[in-house]
Each structure stands twice: as structure tokens, then as C-alpha cells.
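Shown next, in C-alpha cells, is the structure this report addresses.
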Amino acid sequence: MKRQVKQVLGLSAFAAGCMALGMGLSHGWVASAQEEKPVTVEARGMDHLPPIAEVAEKLNPTVVAITNTSFVKNRFEHPQVGGQDFFDFFFGPGGPQQRRSPRGGEDEQRAVSGGSGVIISPQGEILTNYHVIASMGGSDNALEVKVSDGKSYKATVLGKDKELDIALIKIDAAHLPYAKLGDSDALRIGEWVVAIGNPLGLEHTVTQGILSARGRKLDAGVSSYLQTDAAINRGNSGGPLLNLKGEVIGINTAINPAGQNIGFAVPISMVNRILKDLRSGKPVSRGYLGVRPMDLDQAYQDALGAKQGVVVSTVEKGQAADKAGVQRLDVITAVDGQAVNSQDELVAAVSSRRAGETIKLSLLRDGKAISLNVTLGDRKAIEDQRRRESGEESEDEASPKSPDDAKSLNLEKTYGFKVESADPKNRIKGVVVTTVDPRSPAADRGLAPGMIITAVGRQAVNNVAEFNAQVKRAGGRTLLLFIQTPNGNQEVTLAISPR
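Positions -33 to -1, 1 to 466 (mature numbering (1 follows the signal peptide of the UniProt record, and there is no 0)) are the ones given, in order, by the sequence shown.
What follows is the structure, encoded as C-alpha cells:
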């Protein structure tokens, strides 16, 4: 009997030990399964170097040196990107050079500048920058192209686009080696890139780096530049930026001389869209929507209930968007089914279409999804339209001043600014911002004394009483204020969050 009891106890102890061991292992497995791990990249091809030498060897013959000679009366000063010192276009060694013309004329000077280009057809079509081939102020200028075998040719201009800083020229030659145009839209940040050009007059210089960023804005134009750390210097203008397949993915255009290896190129996808116009010699046509877009930041998201898209801050009267029914505070979410998430993406999508084309805009209005077909206007008419808009002022009747009950609304306490009715003698309807707390959300959004508020949300306001009524309706939520500058030539919608 005792022996049987001992056997039972022994078996029980063994079973308990197995269970404990199993539970411990199970706990370890669960813990292991739930363990968080760092983000890693599976390295592939680490035993092979990128084929920079092969790209350089095969593509070098497609790159040319361009010399631009002009005879000018006055000293030439080369242009800057955006008219500022911060970004500088490339020229040859020492920039433009002047000397007395042997043809006579005491004040006439011979100005010479240089750049690069890339052959894109066997018949001698060459892409370069507009500023490389532009006349430097004289009545005539001559372009000379030197190819890789040392031969030189006179070049003619087929087409040019100053806004994109792109030109297409041609030399009288045939059976030339030429580069293939790639797809800059498919690029990934960090990809290897190769630049070939004539920096500082050193012909066919090859540098390598990576694609540092996309969508860089250097000015108020339509360009959205690629950024690279491949070494680029004066004289590289117009030369190709290449991927490791040897395809042209950009035309090198500008540098930031204040930094180290910060260069910019026009994406080849933008060049492709105007290549037909350049070849025909016709002026480049770009669509114009007629809205002022704003990025959909958190304040706009809270106020409009949208998570993706671009806010319509203003709609220009009589332009394409206005004719199609686009309204202020609409959120544009897509163009022809392609999502847009920033001002730059919207500008790029519209400017890539020709004037007269019809696009489909996907919108979010008051929380409801709608779509509108918009026939685009011509972007070249922007400045004329803006001048007409700024010169038109309706005759306003004087509105009696209403008591300023802003204090009772705690406007300053809630939003950080004060207002008063605009002077009717100035023929302006609305309320004038008098003070702005520098530590308030209003100041952070750019509201400043002297600005004129003409609407709250979609509701126009003519005086303080009407303004205060709309502020009360907001109930302490974000205010969407339609603002004019004191001279009336700028308009914008600001989303002012409460403190």
C-alpha cells in the first residue's frame, strides 16, 4: 500500500513539473512574440558598387557644352533665382565676361556665358536651361554647341519656357548619341543619381550623390524641384541629372551657394509635359484654375472636418474655378482622380494641363463630397487679371457705426485680437483688426493690425455688430476669417483657433 502511495505521489510531482515547465516555455514564447523590434532594412547587393562608371562612360557623349555670346551696351548682370542672392544660376568660369568689341562702338561689349545641355534625339535636339540661352540684353546673341568629340556647331532655338527655365535648341547634325528621358515621378528619396556637365568650364565632369528631396519650391513659379547632394557648380546649368539606368530624370538648374552640395533640378516629368510645345515653337500653354490654395493643417481640419486635400482660400471672380462653381472653403481632394495633399501638388496638377482642357475636381464642401468639371483658363493671364481685380472697387454706402461689444464677447481673451468698424470714407466694408496679442493663435496664423476682415466663414460682415454676431455663432470654435490687406490687393482666409 505504501509503495502504491509513493508511486502516485511521484507521478503527481512529475506531472506538476511538466506543467510548470510548459507554462514557463509558453510564457517565454508569448513574450518573444510580443517583443517590439527596431526598423531594419534587408541589405541587397552590398557586394556590388552602383554602376556610376558605366553611367558616366555611356552618357558622357550625350552631354554638350553651350557658349552664349551677346553684344551689349551696358554691363551685364546675371539673373538670380527668385531675384535673391540665396539661389544662384550657373554660368561659366567667373560668370559672364565682357570685353571691347572689335567691330567698333565705344560702349559695346562682348558678353560670354556658358552652360551645359543634353542631346535627346539623334537629329541634334538638346535640352538646356532658358537662362543659358537667353539674350543678355543685346539685339543679337549667338549659341555655339560643342559635342563630346570636340566638334562645334551653331545652334538655333526651337522653343523656350522662361517660367520653367527650360529651352530646346537644335544643331545641324545627325546620328548623334542621345539620352533617354526617364520618369521623375517614380523616384524614391535616397536613390543614387549622377550629374554630368561643365562646371567652371571643366568639360564633361561627372559627380554622384543621392536624391535628397522632391517638391522643393525656390520661387513663386510652377516648378517643383528635385534636390540632390551630387556636387554641382557654375556651368552645370542645363546638364542632365541621371538615374543608374542612364535615364535623364532632371535638368540641373540651381544651387544654394550658402550650403554644401545642395543642388536643384527641374523634374523631367515637368519638361515632358511641355516638350510638344517646345518642338513646335509655340508659346507654352498652362492651365489656370483661379484659386488661392492653402495647406490643410490641423486648424483647417478641425474647422472643416476634412482630413485630406487643399483648402480653397479665395476664388478669383470670372476665372475657371468661379465659372465652374468652386467656392471659398471648399477642400479640393483630387484632380482627375489623382489625390492632392498640398498647394504644390495642386499647382503642379493644374499647370501640367493646357489652357482650355477640362479637368474633374473632387471636392469636400460642408462635409459632402461633390465633383465639378472645370475648363481651365490660361495661366499667362494671371497678372492682367490680378491688376484688373485690384483696380475694381465698388461704391459702398456708409454704414452707421455699431456699438463695439467685442469686450462682451471676450474676443481678445478667446482669440487674441480686437477689431473696430472700418472707416466708411475709405469705401471698405468689414472690420479692421486693431490689436493682436503676439502670444495668441491669431498672431501665429499671421493676423496683424490693419488687416480687414470682410467675412466670417461664408458670411460677409460689414461692421462690428455683424462680425460679433458671427463670432457668437462660432461658439468658441475655430474662426475662418476672410482677410484683405489694408490696400486691398491681397486676400486670404485664415483659420484662427481659440486659445
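Virtual Cβ for every residue (Gly too), placed ideally from N, Cα, C. Every value quoted in this text rests on a predicted model; they were computed, and no experiment measured them.
With contacts defined by Cβ atoms closer than 8 Å, Gly202 and Pro166 form a contacting pair. With at least 16 other beta carbons inside 10 angstroms of its own, Pro234 counts as buried. Between Val307 and Val277 a beta carbon distance of about 6 Å is seen, short of the 8 Å cut, so the two are scored as contacting. Counting only residues of its own chain and dropping the five nearest sequence neighbours on each side, Met261 has a CB closer than 6 Å to the CB of Val278 and Ser280.
With a cutoff of 8 Å on beta-carbon distance, Tyr145 and Ile87 are scored as near each other. In this structure, DSSP gives Leu378 a helical state, which the three-state scheme calls helix.
The Cβ atoms of Gly397 and Ala389 lie closer than 8 Å to each other. For Ser329, same chain residues with a beta-carbon under 6 Å away, outside a window of 5 residues either side, are Thr300, Ala301 and Ser338 in chain order. Pairing Val314 with Gly257, the inter-Cα distance amounts to about 11 Å. In this chain, the alpha helix (DSSP H) harbouring Ser318 covers Gln310 to Ser318. DSSP places Glu458 in the uninterrupted beta strand (DSSP E) bounded by Glu458 to Ile463. Sequence-distant partners of Pro17 (beyond 5 residues in either direction) whose C-beta falls short of 7 Å from its own C-beta, in its chain, are Trp159 and Leu211. The alpha-carbon of Val431 is positioned some 7 Å away from that of Val386. In the structure shown, Asp289 falls within a helical segment according to DSSP collapsed to helix, strand and coil.
The C-beta distance from Phe231 to Arg183 rounds to 6 Å, short enough to meet the 8 Å contact threshold. Residue pairing from DSSP places Asp262 in a beta bridge opposite Val277. Partner residues in the beta bridge of Gly344, as assigned by DSSP, are Tyr255. In the three-state reduction of the DSSP assignment, Arg246 falls in the helix class. Going by DSSP, Val400 is part of the beta strand (DSSP E) stretching over Val398 to Val403. Separation of Ser252 and Tyr192 (C-alpha to C-alpha, rounded to the nearest whole angstrom) is 20 Å. Using a C-beta cut-off of 8 Å, the stretch 427 to 442 makes no contact with the stretch 399 to 413, since fewer than three inter-stretch Cβ pairs fall below that distance. According to DSSP, residue pairing for Ile136 in a beta bridge involves Ile93 and Val124. Contact annotation: Ser204 and Gln194 have beta-carbon atoms that are not nearer than 8 Å. Taking a cut-off of 8 Å on C-beta distances, the stretch 446 to 453 touches the stretch 415 to 423, as three or more cross pairs fall below it.
When DSSP states are grouped into helix, strand and coil, Tyr267 belongs to the helix group.
As the crow flies, the alpha-carbon of Ile133 is around 9 Å from that of Val99.
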